[in-house]
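Following this note's numbering, the numbering of the sequence shown begins with 424 at its first residue and continues without gaps. The beta carbon of each residue, even a glycine, is placed where N, CA and C say it ideally should be. Please read these numbers as outputs of a predicted model, since none were measured by experiment. Here's the structure, in structure tokens; my notes come after.
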Amino acid sequence: MAKRVVTAGGGLAGLTCAKYLVDEGFSVTHLEGLPYLGGRASTSPCLGMGSAGSRAAASGPGA
Numbered sequence: 424m425a426k427r428v429v430t431a432g433g434g435l436a437g438l439t440c441a442k443y444l445v446d447e448g449f450s451v452t453h454l455e456g457l458p459y460l461g462g463r464a465s466t467s468p469c470l471g472m473g474s475a476g477s478r479a480a481a482s483g484p485g486a
């Protein structure tokens, strides 16, 4: 039976940690408080680009 672990935080560090644990054979449950992953590296549509715009701008604290 695989060892079970819980990781928290959907930013780059949390997701990287979860991936390394899975690669080592752990069963990982990952928790994130927001409805999206990426943390400060997440993206959102730029204003004025319309629904067909493909450019994205950084979002999060200080953006």
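Item                                                                     : Value
In DSSP terms, what Thr-439 is bridged to                                : Per DSSP, none; premise fails for Thr-439.
Ala-431 burial status per 10 Å Cβ neighbour count (16 or more: buried)   : exposed
Ala-464 versus Leu-435: straight-line alpha-carbon distance, rounded     : 8 angstroms
Cross-strand partners of Ala-425 (DSSP beta bridge)                      : Paired residues: none, contrary to the question.
Ser-450 versus Gly-462: straight-line alpha-carbon distance, rounded     : 23 angstroms
As assigned by DSSP and simplified to three states, the class of Leu-444 : helix
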